[in-house]
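Numbering (the numbering used here), first residue to last: 31 to 240.
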């Protein structure tokens, strides 16, 4: 049987976002897997999506723009849901609360496809069982949005803390994406260029710090 081939297989949870601003509450679907999927397709890449579904999400196919046969789903006992309470008009300041968290991805969840890149587009630490990074690195290049390993759910409160296993897993990551604050948490360095150099020395091949 011939395996399907992709430029990128994006793996992550859809989030049921509850947006609060100026007293108004809006609910919408979000998450890095959603926005990364649209970006990858817009760039002309052959894109597959792996996500988890639950009874809380009624229209999974309507959330994504990939063809139906390129969307892979695995059942979860619940969906990830995050409340974002914005405190300023520019929406730079907010309080994030985890209302529920979906079951983690395991290597057994990943479809038997060939992909040049396996993109872990996570939201909360614990979205992936650790060995998935090593296993996927044997199949293609692994890309990681480090938010999904630094942002922890502490009784609903979303807190950024260092990734304890970073030195073990960074050598298996080809593309590493962080923002300046996340890079400082991981390295202790405010200078983005120096932080990128250190992350490279620790094993990541290509680093983008926004």
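Ideal Cβ positions, reconstructed from N, Cα and C, are used throughout, including at glycine.
Keep in mind the model is a prediction, meaning the values are calculated, not measured.
- Residue state for residue 47 is assigned as strand, using DSSP reduced to three classes.
- A Cβ-Cβ contact shorter than 7 Å links residue 40 with residue 151.
- In the three-state DSSP reduction, residue 107 falls in the coil class, being neither helix nor strand.
- Take the alpha-carbon of residue 103 and the one of residue 210: they are about 33 Å apart.
- The beta carbons of residue 59 and residue 32 sit no closer together than 7 Å.
- By the Cβ criterion, the region 45-56 is not in contact with the region 72-82, since fewer than three pairs of Cβ atoms, one from each stretch, lie closer than 8 Å.
- Counting other Cβ atoms within 10 Å of its Cβ, residue 99 stays below 16 and is therefore classed as exposed.
- Excluding its 5 nearest sequence neighbours in each direction, residue 73 has no C-beta neighbour in its own chain below 8 Å.
- The distance from the Cβ of residue 145 to that of residue 78 is about 7 Å, consistent with a contact at the 8 Å cut-off.
- Per the DSSP secondary-structure output, residue 39 pairs in a beta bridge with 78, 148.
- In terms of Cα proximity to residue 90, the closest of 185, 44, 76 is 44.
- No residue range can be given for residue 191, since it is assigned to no alpha helix (DSSP H) and is classified by DSSP as neither H nor E.
- Shown here for residue 115: same chain residues with a beta carbon closer than 7 Å to its own, the five before and five after excluded, namely 50, 124, 125 in chain order.
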